[in-house]
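S.K.:
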Amino acid sequence: MIIGQYNKTEVYEGLCEWWEKHKFPVLDIDFLPETFFTVEVGEEVLYGMFVYRTDSKLAWIAFPISNPDLTKEEKKGGLEFLINGITEILKESGFKYIFTTSPLPVVQEALLNTGFNLGDEKANHYLKKIV
Numbered sequence: 136m137i138i139g140q141y142n143k144t145e146v147y148e149g150l151c152e153w154w155e156k157h158k159f160p161v162l163d164i165d166f167l168p169e170t171f172f173t174v175e176v177g178e179e180v181l182y183g184m185f186v187y188r189t190d191s192k193l194a195w196i197a198f199p200i201s202n203p204d205l206t207k208e209e210k211k212g213g214l215e216f217l218i219n220g221i222t223e224i225l226k227e228s229g230f231k232y233i234f235t236t237s238p239l240p241v242v243q244e245a246l247l248n249t250g251f252n253l254g255d256e257k258a259n260h261y262l263k264k265i266v
């Protein structure tokens, strides 16, 4: 497995197809940070996610997505590999903390398996579009 990094414009069209197949809302491209990280085996992308880099020592990993055309077995271990890879990249860039949220048990398990601690369990999330 290897970690890939792509500009969001390179992957956006394919990502929209994945979101639709997963019945996840398609996000506007301007809502997303510039870099999309992937974990790949050969020509296959197993998982991907975005990283928001703040002006503090905190980064936010967001919107993990799996390749909907692969089986669970084909993707096994990929999410943990991606999270660990992103963690190392962020550490090398001077970040000290990584934040994320997820309602999905498979993501929650991967986060706990890669050293994340559970924070709030009953928090609501709010978003305001200002333009």
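Numbering (this note's numbering), first residue to last: 136 to 266. In this text, a Cβ means the ideal position worked out from N, Cα and C, and glycines have one as well. Remember, it's a predicted structure, so these values are computed and weren't measured experimentally.
Between which two residues does the alpha helix (DSSP H) carrying residue 170 extend?
M.R.: Walking along the sequence shown from the start, residue 170 turns up at place 35. Premise fails: residue 170 lies in the beta strand (DSSP E), 170-176, not in any alpha helix (DSSP H).
S.K.: Can you give me the start and stop residues for the alpha helix (DSSP H) that residue 179 sits inside?
M.R.: Translated into positions along the sequence shown, residue 179 becomes position 44. Element bounds for residue 179: not the alpha helix (DSSP H) but the beta strand (DSSP E), 179-188.
S.K.: If you follow the beta strand (DSSP E) that residue 234 is in, where does it begin and where does it stop?
M.R.: Within the sequence shown, numbered from 1, the residue matching residue 234 stands at position 99. 232-234 is the extent of the beta strand (DSSP E) around residue 234.
S.K.: Count the other CB atoms within 10 Å of the CB of residue 233; is the residue buried (16 or more) or exposed (fewer)?
M.R.: Translated into the one-based positions of the sequence shown, residue 233 becomes position 98. Burial call: buried.
S.K.: So, does the CB of residue 201 fall closer than 8 Å to a CB anywhere in chain D?
M.R.: No chain D is part of this structure, which consists of one protein chain only.
S.K.: Between residue 175 and residue 142, is the Cβ-Cβ spacing less than 8 Å?
M.R.: Here residue 175 is taken as the residue at index 40 of the sequence shown, counted from 1. Here residue 142 is taken as the residue at index 7 of the sequence shown, counted from 1. Result no, Cβ atoms of residue 175 and residue 142 do not sit closer than 8 Å.
S.K.: Just to confirm the assignment, what range does the alpha helix (DSSP H) spanning residue 216 have?
M.R.: By one-based count along the sequence shown, residue 216 stands at place 81. Segment 213-227, the alpha helix (DSSP H) holding residue 216.
S.K.: For residue 252, tell me which candidate among 188, 172, 236 has the shortest Cα-Cα distance.
M.R.: In the sequence shown, the residue the question calls residue 252 occupies position 117. With distances taken between Cα atoms, residue 252 lies closest to 236.
S.K.: If you follow the beta strand (DSSP E) that residue 272 is part of, which residue opens it and which one closes it?
M.R.: Given that the chain is displayed from residue 136 to residue 266, the structure contains no residue 272 and the question cannot be resolved.
S.K.: Sorted by chain position, which residues of the same chain lie with C-beta nearer than 7 Å to residue 147's C-beta, five sequence neighbours on each side aside?
M.R.: In the sequence shown, residue 147 corresponds to position 12, counting from 1. Closer than 7 Å at Cβ, skipping near neighbours: 164.
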